[in-house]
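These protein sequences, in sequence, are chains A and B.
The first sequence begins at 28 in my numbering and counts up by one.
The second sequence begins at 256 in my numbering and counts up by one.
Heads up, the beta-carbon is just placed ideally off N, CA and C, and yes, glycines get one too.
Being a predicted model, the structure only gives us computed values, none of them experimental.
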Amino acid sequence: MPDTKGSASVTDVNEQLEPVTAPIGGSTSTPKATAGVAGQIRTQFKRLRSGDTGLVPITVGLLVLIVYFQVRNSVFLSASNLTNLSIQATIYILLGMAEIWLLLLGEIDLSVGYVAALGGVVGTILTDYQFHWAWYLALPLAVLLTTLIGVLNAVLVIRLRLPSFIVTLAGFLIWQGAVIYLVDHQGTGGAVPVQEKVLYDLVGGNLTPVATWLFVLLCVAGVAYLMIRGTQRRRANGLDTVPFFLTLTKIVLLVAVGILLIVVFNANRSTFVVLRGMPFAVPIDLALLAAGTFVLAKTRTGRYIYAIGGNSEAVRRAGVSVNRYRFIAFVATGFTAGIAGLLYSSRLGGISDSIDPTLTLYSIAAAVIGGTSLFGGRGKMVHAVIGGLIIAVIYNGMALLSMSPPTVYIVTGIVLLAAVTIDSVARRGGPQLR
Amino acid sequence: MEPTPEPPVASSETGGSGVGSSIANSLLSLRNVTKSFGAVQALRHVDLDVPPGKVTALIGDNGAGKSVLIQTIAGIFPPSTGEMYWRGERVHVHNPRNAADLGIATVYQDLALCNNLDIVQNMYLGREEKRHGVLDEIKMELETKRLLADLSVTTVQSVRQLVGSLSGGQRQSIAVARAVMRESQLVIMDEPTAALGVSQTAQVLALVRKLSERGIAVLLISHNLNDVFSVADYIAVMHLGVLVSSGPIANYDTTSAVELITTGASAKVPSSLVRAGHEG
Ligand SMILES: Nc1ncnc2c1ncn2[C@@H]1O[C@H](COP(=O)(O)OP(=O)(O)O)[C@@H](O)[C@H]1O
Ligand SMILES: [Mg+2]
């Protein structure tokens with residue numbers, strides 16, 4: 028068993044020293060909270076070493092960046108800039124989420140940026156003055172198209188057993204070509220403009236201030252409810268629970284973030300007209316985050332996606348159709364990329380024939396910076412949110428400081444490197460996840 | 256080395272007391288099972304009876320075909336020639352699911368665990384409990400704790416520990432417990448103690464006995480004759496793809512077992528226990 032050598036030797040020693048630690052059956056009757064702050068820190072440290080770094084280090088990193096930029100330029104934390112930031116981050120967040128479905132399997136999608144762009148182009152062209160399709164036909168069709176590209180990738184990777192790296196590298200070129208072709212053949216001078224209000228509003232539109240309040244309230248209450256109910260059910264069944272103060276801390280933080288969001292989004296951020304409310308992009312991000320998290324954490328599909336990333340042969344022997352769940356992940360990637368593409372086009376007011384080719388790389392970077400492993404089996408949807416925010420903060424902050432694009436590239440690269448280093452060190456310290 | 260062409264079904268059923276139980280009172284019986292990989296004949300006309308609720312040790316030299324035999328039983332390979340009987344009924348096992356449905360669980364040498372999942376998630380992999388359409392983590396966790404306690408697997412700290420962080424013996428125990436959880440009547444283990452130290456080996460062997468106490472049959476592959484003689488009720492010896500001898504452990508000792516393993520024959524074992532068809 029070479030794959031367990033590293034960790035096995037460590038635990039062997041523990042086992043020799045204390046052969047019976049907390050008999051499993053015995054503790055069922057007494058609900059036992061891992062007591063004390065020290066215990067929590069120890070647990071956190073253990074998790075860190077075992078490769079499950081949690082969100083704490085990366086959130087701290089995000090806060091450090093925010094503080095840095097705020098100190099250098101006080102505009103950074105203004106309501107208008109933060110709103111802008113949330114919109115900027117959306118594309119990285121959504122593409123990161125698209126990527127995570129495949130990263131969890133140990134696969135990769137290099138084409139996701141151009142697949143998204145293709146979806147954006149199709150949605151934009153079909154709703155422009157020339158084609159004039161209804162948005163409720165055109166936009167779903169665009170997403171359907173990118174979903175079908177996911178199906179195509181799945182067929183090539185699963186049926187023909189081609190490596191996803193190569194299939195999507197080809198896709199990177201093919202869909203880039205398709206985007207440029209489509210854009211240049213509209214006779215609109217190298218860019219297709221958004222001419223449909225609904226498409227424009229995906230990013231340009233806002234919830235009313237009251238709706239913003241309600242939405243944030245609902246989200247916070249919902250998450251808090253789920254957390255408390257989860258803990259209560261575990262306690263009622265005599266299972267170990269996280270200490271109450273930890274849940275309480277989380278809820279307090281959640282409420283604080285909620286209030287912050289309301290304050291930021293409901294402040295007037297325009298000088299001439301009144302411009303308030305949460306941009307639609309944010310609920311879209313959160314909806315995909317919630318859906319993805321639900322599937323990954325609460326359903327068999329999610330369980331098997333993790334399991335396949337860990338040891339696909341074990342999943343096959345458990346009688347599960349591995350290919351079925353790989354297929355689902357590819358489809359989810361295509362679907363999410365389509366949504367991302369529509370928001371991308373909406374934010375830029377259209378799509379030009381010179382799309383940023385680093386978009387795909389940023390999607391992978393967002394996922395990995397957030398804590399998702401490139402080697403499969405480890406990651407969460409929320410990683411794309413944090414990673415996407417970090418990339419957007421770097422972009423936004425450095426633009427405010429009038430730093431040049433080369434500097435931005437270099438800094439983003441260094442942050443990525445740091446994140447992967449943490450990932451790799453954690454992996455070596457903990458269980459070897461192949 | 257031409258294997259005998261006639262099917263030994265009839266002969267083995269009437270082949271005297273030494274061969275063990277017949278198809279009717281065996282849990283699992285193989286008759287005339289053959290498996291080749293191209294030119295390599297990994298199994299030749301294997302007849303095997305596994306009695307219910309007992310520990311049967313399958314021994315043999317490296318490359319004797321032990322792993323191939325159990326993988327055939329487990330449905331890993333496409334059906335090979337020969338017949339398989341489960342509780343006296345003819346069955347066809349085409350894939351791992353068929354075997355699992357019958358109540359056959361296999362613990363492979365590599366254990367088939369996901370290091371990135373915790374113990375509960377591994378125990379229920381492929382048969383997760385659901386409640387209101389979502390995974391019922393609480394039920395699964397409670398059941399896991401109960402079962403591990405039943406099986407006296409007491410060294411793991413938390414069932415929410417990642418399996419990748421467990422020791423070799425603990426991982427083996429989890430893999431076995433998973434087989435038990437699936438209400439298997441036959442648990443097949445491929446060299447469960449090969450990679451383990453002394454105390455962890457003892458831990459796993461104790462678990463094997465525990466299974467048989469619960470009425471679960473165990474087919475145990477092992478290289479280690481000490482292990483075999485300490486836990487097995489029956490022995491089956493393979494040599495170059497042929498099942499050369501099988502019977503109650505009392506009919507064997509270390510010397511005869513070693514002879515059978517290395518040469519495929521032994522002067523000490525009554526000839527009725529040694530299968531025809533082998534010209535090793
Ligand atoms: N998948 C396979 N393809 C080809 N030959 C195989 C395969 N698996 C096993 N064999 C061959 O079958 C024979 C028996 O192997 P095996 O059952 O693994 O032996 P052991 O008794 O040591 O477990 C060996 O000669 C091996 O090389
Ligand atoms: Mg073997």
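query = Per DSSP, B/Leu417 is paired with what?
reply = B/Asp373
task = Closer than 6 Å is what we want: which residues have a beta carbon that near any heavy atom of ligand 1? List them in chain order.
result = B/Phe292, B/Val295, B/Ala297, B/Gly315, B/Asn317, B/Gly318, B/Ala319, B/Gly320, B/Lys321, B/Ser322 and B/Val323
ask   = Between B/Arg469 and B/Gly308, what straight-line distance do the alpha-carbon atoms span, to the nearest angstrom?
value = 8 Å
Sheet register partners of B/Tyr340 (DSSP bridge) = B/Ser284 and B/Arg345
query = So which of A/Leu416, A/Thr258 and A/Leu369 has the shortest CA-CA distance to A/Val219?
reply = A/Leu369
ask   = CB-CB under 8 Å to A/Gly53, same chain, minus the five flanking residues each way: which ones, in chain order?
value = Caution applies to A/Gly53, whose pLDDT of 40 falls short of 50 and renders its modelled position unreliable; the model cannot decide the point.
ask   = Helix, strand or coil for A/Arg343 per DSSP?
value = helix
message = Considering only DSSP beta bridges, list what B/Asp304 is partnered with.
response = B/Ser284
query = For B/Ala457 and chain A, any beta-carbon pair shorter than 8 Å?
reply = no
key: Amino acids of chain B, ordered along the chain, whose beta-carbon sits closer than 7 Å to that of A/Tyr333   = Asn371 and Leu372
key: Integer-rounded CB distance, given that A/Met408 should sit under 8 Å from A/Leu323   = 6 Å
key: Any C-beta of chain A under 8 Å from that of B/Arg469   = no
message = In this structure, how does DSSP classify B/Phe292 when only helix, strand and coil are distinguished?
response = strand
request  = Run down chain A in chain order and give the residues with a C-beta less than 7 Å from the C-beta of B/Val389.
outcome  = Lys325 and Thr326
task = Only counting runs of 4 or more residues, tell me where the alpha helix (DSSP H) segments fall wholly within the segment 204-267 of chain A, in order along the chain.
result = 224-231 and 236-263
query = Between B/Leu357 and B/Ser439, what straight-line distance do the alpha-carbon atoms span, to the nearest angstrom?
reply = 8 Å
Inter-residue spacing [alpha-carbon to alpha-carbon] between B/Val408 and B/Gly502 = 31 Å
message = Contact defined as beta carbons within less than 8 Å: I believe A/Leu266 pairs with B/Ile429. What is the distance between those atoms, to the nearest angstrom?
response = The Cβ separation is near 18 Å, so there is no contact.
Validate contact between the segment 389-398 of chain A and the segment 115-122 of chain A using beta carbons, cut 8 Å, 3 pairs = yes
ask   = Should B/Asp445 be listed as close to ligand 2, given that the test is whether its C-beta is under 7 Å from any heavy atom?
value = yes
ask   = How should A/Val210 be labelled, buried or exposed, when 16 other C-beta atoms within 10 angstroms of its C-beta is the threshold for buried?
value = buried
4 or more residues per run - each alpha helix (DSSP H) lying fully within the segment 152-179 of chain A = none
ask   = So what does DSSP say about A/Ser400, is it helix, strand or coil?
value = coil
ask   = Between which two residues does the alpha helix (DSSP H) harbouring B/Met395 extend?
value = Glu392 to Asp405
request  = Please classify A/Phe271: is it buried, with 16 or more other beta-carbons within 10 angstroms of its beta-carbon, or exposed?
outcome  = exposed
request  = Under 8 Å between beta-carbons, which chain A residues line up against B/Leu383? List them in chain order, please.
outcome  = It is Glu, not Leu, that sits at residue 383 of chain B in the sequence shown. By Cβ distance, chain A contributes Arg327 and Arg330.
inquiry  = Counting only Cβ-Cβ distances shorter than 8 Å, please list the residues of the segment 113-133 of chain A near chain B, keeping chain order.
reply    = none
query = For A/Ala60, does the three-state DSSP call read helix, strand or coil?
reply = Residue confidence is low: A/Ala60 scores 44 on pLDDT, short of 50, so the model does not pin down where it sits. No coordinate-derived value is stated.
query = Can you list, in chain order, the stretches of the beta strand (DSSP E) that have 3 or more residues and sit fully within the segment 488-524 of chain B?
reply = 489-494 and 497-503
query = Does the distance from the C-beta atom of B/Ala472 to that of B/Leu498 stay below 8 Å?
reply = no
ask   = Do you know offhand how far A/Phe357's Cα is from A/Ala181's?
value = 6 Å
Three-state secondary structure assigned by DSSP to B/Asp445 = strand
A/Ser34 (DSSP reduced to helix, strand or coil) = With a pLDDT of only 38 at A/Ser34, under the threshold of 50, the placement of this residue in the model should not be trusted; the figure read from the coordinates follows. Reduced to three states, the DSSP call for A/Ser34 is helix.
query = Along chain B, in chain order, which residues have C-beta atoms closer than 7 Å to that of A/Val452?
reply = What A/Val452 touches in chain B: nothing, since even the nearest Cβ is about 16 Å away.
query = Looking at the C-beta of A/Leu209, does it have a partner C-beta in chain B at a distance below 8 Å?
reply = no
request  = Following the continuous beta strand (DSSP E) through A/Leu132, name the residue where it begins and the one where it ends.
outcome  = Element bounds for A/Leu132: not the beta strand (DSSP E) but the alpha helix (DSSP H), Ala106 to Leu132.
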